[in-house]
Amino acid sequence: MPPSSEQLGNLSRMDTILNGNWRAQLLARSLWEFYHSRIYCTIRGNDLKPNRIRLIGVLGPKQIGDVGFCISIRHDERQEEALVHELLHANLIPLGYRRFWINDDSESEEYRRAAGIINLADHKLMRPIFLGFGYSEDRFVGPGRELNDLELRIDKYFEAVRNDLQEPAQYLHYVGKCLSDHGVSFESMDIAAAMVSQLASR
Ligand SMILES: [Zn+2]
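Taking this note's numbering, the leading residue of the sequence shown gets 150, the next gets one more, and so forth.
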């Protein structure tokens, strides 16, 4: 199916924001292709709320449909880096890293803890690419809130195994272990494999 004008509008919005960095533009375009034009990018007013990325098209660990992402970033002086940061989250699926389905509702404490753990692990994978694109370390995350004691411990744990995390099977092992150790019930999902088999059956 050809992209809709809305989808094309999202691509050109990202292209404009990333205008100064052809590597980042190339990443946005390749993800937009990979997710069949389903990367939506919204720019909000400067409301001081965190930038967000939301996986769409996954209704359960066995119900993987038309996968894509909705990215929502603030219109401020860090918007380019913020967009690259969120795109690097989306890039983990084509790179072969599993995603996690948390068996709890998204408002629960357990879910928030799980999201925090996954985020900390993902950042270990994403940071070197961010720097490789020429952005500076102190702009990888926004000013936001400080990590709490538990998050600091988890961050230290992932930092110690940072090199092992690069390998998708090891990533699954360490993140899965950390989730279990912190009382999170989850299932892992190989979303890229599901997308490939969808393509094959079309
Ligand atoms: Zn992040």
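Using N, Cα and C, we set each Cβ at its ideal position, and we do this for glycine too.
G217 places its beta carbon less than 7 Å from that of G206. In this structure, N297 has its beta carbon at no less than 6 Å from each heavy atom of ligand 1. For Q156, DSSP assigns no beta-bridge partner whatsoever. The C-beta separation of L274 from Q315 comes to about 7 Å, placing the pair in contact by the 8 Å criterion.
Contact residues of ligand 1 (beta-carbon closer than 6 Å to any heavy atom; chain order) are H234, H238, N268, H272. Cβ contact annotation for R172 (same chain, cutoff 7 Å, sequence separation greater than five): F282, in chain order. Within its own chain, the residues whose Cβ lies closer than 7 Å to the Cβ of I267, once the five positions on either side in sequence are excluded, are F249, V324, listed in chain order.
Per DSSP, the unbroken alpha helix (DSSP H) holding L237 starts and ends at 228–239. Here D254 is exposed. Its C-beta has fewer than 16 other C-beta atoms within 10 Å. Cβ neighbours of A239 within its own chain (closer than 8 Å, five residues either side excluded): L180, Y184, I188, I202, F218, I220. The beta carbons of A270 and I251 sit no closer together than 7 Å. Positions of the beta strand (DSSP E) runs, each at least 3 residues long and wholly inside the segment 253–327, cannot be given because no such run exists.
DSSP places L176 inside the alpha helix (DSSP H), whose first and last residues are 171–183.
In this structure, P199 lies away from G245, with their beta-carbon atoms at least 7 Å apart. For M150, there is no enclosing alpha helix (DSSP H), as DSSP marks it with neither H nor E.
Following the DSSP letters along the chain, one finds V216 inside the beta strand (DSSP E) bounded by residues 212–223.
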